[in-house]
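Those letters in the sequence shown? Residues 209 to 467, per this note's numbering, in order. Each residue gets a CB set at the ideal place from its N, CA and C atoms; glycine is no exception.
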Amino acid sequence: MPELPEVETLCRQLKTILPGEEILRIEILDARLGKIEGLVGRRVEAVKRRGKFLQICISGGLTAELHLRMSGRLFWQKGGVPVFAYSRLVIAFPAGTLILIDPRRFATFTVQPLESTPALVEDPLGGLSAHRLREIARTRRLPVKSFLMDQRLIAGIGNIYACEILFAAGIDPRRPSSGLSPVEWRKVAKMSVAILERAVACRGTTVSDWRDLFGCGGTNQDHLAVYARKGEICRRCGGRIERITQGGRGTWFCPSCQQ
Ligand SMILES: [Zn+2]
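And the structure:
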């Protein structure tokens, strides 16, 4: 599932291509996306990210908002009319074609007036306030890893980055989020930004099927300290990485480095 660094990677790549381009044609290949009307002939003015939503701002005060959900991928093709398995949406521009590929069909694409997009929860790439995190966490008993992954509180941290952030901060993922000290929240906030910024610089983490706009894998998997490393040696202390299950998801951590 694309997390925040992957969506940011797509956003930065789209920014280099789409602004100024006219929408020539829209083909909806999956009726589940619903109707998409009124975009042909308009120009892209900007591309933005709001949490894990990609926003394409279009002339005339419209915003097309895309969420990739479980398995959505965006692919850019210069020239030609490409046919891919699981293509759900094709948008043609003079410079090329943008294709939404989505085997599980949960991705959404909606068009709305510019001003109607609601305000966002905390966006870690904008910098996280340790004080604010502690305020939100004060009354929550859920484990700190689940807290970081709650999309209603913080946008875009999924399983991979939650494990890596807590390792970098030296925090045991099982601890209740209400029990972290101000110093520990400062570490979590600082490491969240650092881990996610590195992942963006690496164009995401390719451990399964993530590909960027041009079909290339990311390189952040080379930097993973704990994720999917059960039984391997911790590079910090020489101990063994362990795996537990939390909320139905695997959690990898180092029991001696994370207290
Ligand atoms: Zn360790």
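For residue i, the three-state DSSP class (helix, strand or coil)
i	result
residue 221	helix
residue 374	helix
residue 394	helix
residue 262	strand
residue 415	coil
residue 355	helix
residue 285	strand
residue 340	helix
residue 230	strand
residue 381	coil
residue 406	helix
residue 296	strand
residue 244	coil
residue 365	coil
residue 330	strand
Beta-carbon contacts of residue i that lie in its chain and below 8 Å, excluding the five residues immediately before and after
i	result
residue 231	247, 248, 249, 250, 251, 252, 266, 299, 300 and 301
residue 447	441, 462, 463, 464 and 465
residue 424	411
residue 401	332, 333, 335 and 336
residue 371	353, 381, 434, 435, 459, 460 and 461
Strand pairing of residue i, partner residues [DSSP]
i	result
residue 458	453
residue 317	274
residue 304	301
residue 255	264
residue 448	441
residue 235	298
Test item: CB-CB of residue i and residue j under 8 Å
i	j	result
residue 303	residue 229	yes
residue 484	residue 344	The question about residue 484 has no answer here: the residues shown for the chain are numbered 209 through 467.
residue 149	residue 462	As shown, the chain starts at 209 and ends at 467. That puts residue 149 outside it, with no answer to give.
residue 295	residue 237	yes
residue 468	residue 221	Absent from the structure is residue 468, since the part of the chain shown begins at 209 and ends at 467.
residue 274	residue 261	yes
residue 367	residue 457	yes
6 Å Cβ shell around residue i - same chain, five flanking residues per side excluded
i	result
residue 256	263
residue 417	none
Residue closest to residue i, alpha-carbon to alpha-carbon, out of the options
i	options	result
residue 441	464, 452 and 455	464
residue 415	316, 311 and 427	427
residue 438	452, 431 and 227	452
residue 338	392, 287 and 366	392
residue 320	443, 215 and 270	270
residue 287	349, 305 and 276	305
residue 214	387, 433, 281 and 434	281
residue 283	403, 261, 240 and 419	419
residue 316	217, 455, 433 and 278	278
residue 329	353, 363 and 357	363
residue 307	408, 357, 235 and 467	235
residue 268	312, 225 and 322	322
residue 378	467, 243 and 209	467
residue 224	254, 245 and 367	254
residue 272	310, 413, 226 and 292	226
Cβ shell of residue i (< 7 Å), same chain only, five flanking positions each side left out
i	result
residue 397	336, 337, 338 and 341
residue 233	248 and 300
residue 244	234, 236, 317 and 319
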